[in-house]
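Each step along the sequence shown adds one to the number in full-length UniProt numbering, with nothing skipped, and position 54 is 54. Ideal Cβ positions, reconstructed from N, Cα and C, are used throughout, including at glycine. Reviewing the structure listed below.
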Amino acid sequence: RWGDWFRRWYRDQMFEEYGFLFAVTTKPATSVELTTATLNADLDGDGNEACNCGFEWGETDAYGNTTPTQSRTTGQTFAQPISGLDPNTTYHFRAQAKNSAGTASGADRTFTTLGPVIPFVVNQSYALSREEL
């Protein structure tokens, strides 16, 4: 009978309890300048354990660079200034949070550094009349 099979199957199952899943949200970069920017994120859940939070960043979504980490708990924001960037260049970044439960990564975002400022100089001269002196 189906009912007998179901009861036997249910008794033989092993159930594991996993901790609260943690998540991180990558926020837009701020203070974007010629060679610097500030990366921002929110730790949405920490799985009941503090997380080491930081960022991956680079010119592609393969990143290649990481920032120092900061210890954060649920509901806290974190930010990291980065420097040494090339002017007028698009960069990818994403937030990451790590603890004993694993690693959570935020979505990929991009920002573009400012281009160099080209000075505009006007050299204008004109003659003054006697009345203007």
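query: Selection from T36, G84 and Q70 that minimises the alpha carbon distance to A97; result: Q70
query: DSSP state of N88 mapped onto helix, strand, coil; result: coil
query: Cβ-based neighbour list, P116, same chain, cut-off 8 angstroms, excluding 5 preceding and 5 following; result: L34, P87 and N88
query: Counted within 10 angstroms of its Cβ, other Cβ atoms place P119 as buried (16 or more) or exposed; result: exposed
query: Beta strand (DSSP E) segment containing Q76, residue limits; result: Segment: none, Q76 is in no beta strand (DSSP E) and carries neither H nor E.
query: Identity of the residue in F93, G102 and S31 nearest N65 by Cα; result: F93
query: Residue from D42, P81 and Q76 whose Cα sits closest to the Cα of G106; result: D42
query: Proximity winner among R109, S83, E49 and P68, relative to G75 (alpha-carbon distances); result: E49
query: Which listed residue (A23, D46, S31 and L114) has its alpha carbon closest to that of T90; result: L114
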